[in-house]
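Mapping of the sequence shown onto the working numbering: position 271 corresponds to residue 271, and the numbering continues sequentially without gaps.
The beta-carbon is built from N, C-alpha and C at its ideal position, and this holds for glycine as well.
The structure appears right after this line, and notes come after that.
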Amino acid sequence: MSHLPLLLVHFRRLFLYEHYHFFPFVIAAFAYFTWQRWPARDSCNSIGTPKLESALVIAGFAFLAASTLAWSSWLTAVGAILTIGATLLHFGGRRAMPQLLSAWLLLWFLIPIPFRWDVRLIFELQTVASTAASYVLDFLGVNHLLAGHVLEIPHQQFLVEEACSGIHSLFALLAFGAILMVIWRRPWLHSALLLVSAAFWATSINVIRVVSVVAAFDWTGTNLSAGWKHELLGLALFGLAIVMLLSTDRLLLFLFDGPEPDDADLYANAESTFDRVSASSVVTPT
């Protein structure tokens with residue numbers, strides 16, 4: 001029973017990090033998709049994959065045991081997810097596992113990158129955002145100086161860590177893209193490319209955020225780096241990122257599946273087929 005408090009500690013720690021505030025939506029999505037895709041009662045008794053099920057059970061209990069010894073909430077969360085996977089495989093059966101697998105994979109968004117590599121990633125993205133924003137500001141003719149993560153204009157300095165606090169949108173956008181993949185049942189290659197595009201769009205909107213904050217103050221004196229204006233800017237840009245992510249999904253569908261025929265094409269194809277069938281059915285008199 002010591003694992004439950006550790007699991008609660010894990011969720012509390014996730015809530016302390018702004019870039020993991022999306023985790024309740026991941027839990028809700030997993031619960032919904034599992035309920036929606038759970039097999040019918042007559043197919044629940046289908047035998048699962050014993051070797052995979054045993055491997056998940058062993059790995060899950062190993063992580064849970066290690067978490068007790070090390071008193072690690074991170075190990076507890078990993079062990080709980082592995083155990084949940086074994087449970088789904090045992091009760092859902094082998095036939096249902098492909099449908100439940102995508103929902104189960106969502107749970108891995110609850111596991112922070114180990115060794116604080118997520119913090120290092122955020123730092124690197126801030127470097128990318130500040131450098132790219134500096135190039136854009138040069139193009140716009142905004143007189144500024146870039147020093148590390150600080151963008152300085154006359155009479156004002158902007159720390160990219162503050163002006164670009166929306167860097168956490170990377171993790172939220174990745175989770176949103178993963179949920180879309182589960183909803184629409186996208187193939188694995190399509191899903192991988194969509195997640196890559198989510199990282200690209202998240203970085204792009206943070207560059208736009210930095211440029212908007214600095215340029216708005218330089219041109220109009222409006223401070224968008226704090227307060228409700230900053231929050232409104234963040235929501236608008238995150239909405240833009242979602243729109244671009246949806247557009248990328250449609251582009252991938254076009255590239256992999258080809259354009260969907262419209263009604264005129266369907267009618268023309270049907271008419272052509274009817275003409276061929278009618279011609280072949282004509283009996284020539286002898």
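- Secondary structure note for residue 158: its beta strand (DSSP E) is the uninterrupted segment 156 to 159.
- A residue is called buried when at least 16 other Cβ atoms come within 10 angstroms of its Cβ; residue 20 meets this threshold and is buried.
- Distance between residue 60 and residue 256, taken at the CA atoms: about 37 Å.
- When beta bridges are read from the DSSP output, residue 213 appears opposite no residue.
- Between residue 173 and residue 141, the alpha-carbon positions lie close to 31 Å from each other.
- Between residue 23 and residue 16, the beta carbon gap of about 11 Å keeps them out of contact (Cβ cut-off 8 Å).
- Taking the CA atoms as reference points, residue 78 sits about 18 Å from residue 175.
- Counting only the Cα atoms, residue 180 lies some 12 Å from residue 33.
- Under the Cβ criterion (8 Å, minimum of three pairs), the stretch 227 to 237 does not count as touching the stretch 138 to 153.
- C-alpha of residue 100 to C-alpha of residue 234: approximately 34 Å in a straight line.
- Distance from residue 64 to residue 76 at the Cβ level is roughly 6 Å; contact confirmed, criterion being Cβ atoms closer than 8 Å.
- Within the same chain, 207, 211 come within 8 Å of residue 136 by CB-CB distance, once the 5 residues on both sides are set aside.
- According to DSSP, residue pairing for residue 147 in a beta bridge involves 150.
- DSSP places residue 142 outside both helix and strand once states are collapsed to three, so it counts as coil.
- For the 8 Å CB-CB criterion, residue 245 and residue 188 do not form a contact.
- If one requires a minimum length of 4 residues, the alpha helix (DSSP H) runs lying completely within the stretch 91 to 132 are 97 to 106, in chain order.
- In the DSSP assignment, residue 35 falls within the alpha helix (DSSP H) that extends over 23 to 37.
- Residue environment analysis places residue 250 among the exposed positions, since fewer than 16 neighbouring C-beta atoms fall within 10 angstroms of its C-beta.
- Linking residue 117 to residue 124 through their CA atoms gives a straight-line distance of about 10 Å.
- A Cβ-Cβ distance of about 5 Å is found for the pair residue 81 and residue 107, placing them in contact under the 8 Å criterion.
- The beta carbons of residue 158 and residue 214 sit closer together than 8 Å.
- Sequence-distant partners of residue 184 (beyond 5 residues in either direction) whose C-beta falls short of 8 Å from its own C-beta, in its chain, are 249.
- In the structure shown, residue 74 adopts helical secondary structure according to DSSP, grouped into three states.
- In the three-state scheme derived from DSSP, where H, G and I count as helix and E and B as strand, residue 20 is classed as helix.
- CA-to-CA, the gap between residue 129 and residue 220 works out to about 22 Å.
- Rounded to the nearest whole angstrom, the CA to CA distance from residue 62 to residue 6 is 15 Å.
- For residue 5, the secondary structure class from DSSP, reduced to helix, strand or coil, is helix.
- Sequence-distant partners of residue 133 (beyond 5 residues in either direction) whose C-beta falls short of 6 Å from its own C-beta, in its chain, are 207, 210, 211.
- Counting the other CB atoms within 10 Å of its CB gives residue 148 a total below 16, which places it among the exposed residues.
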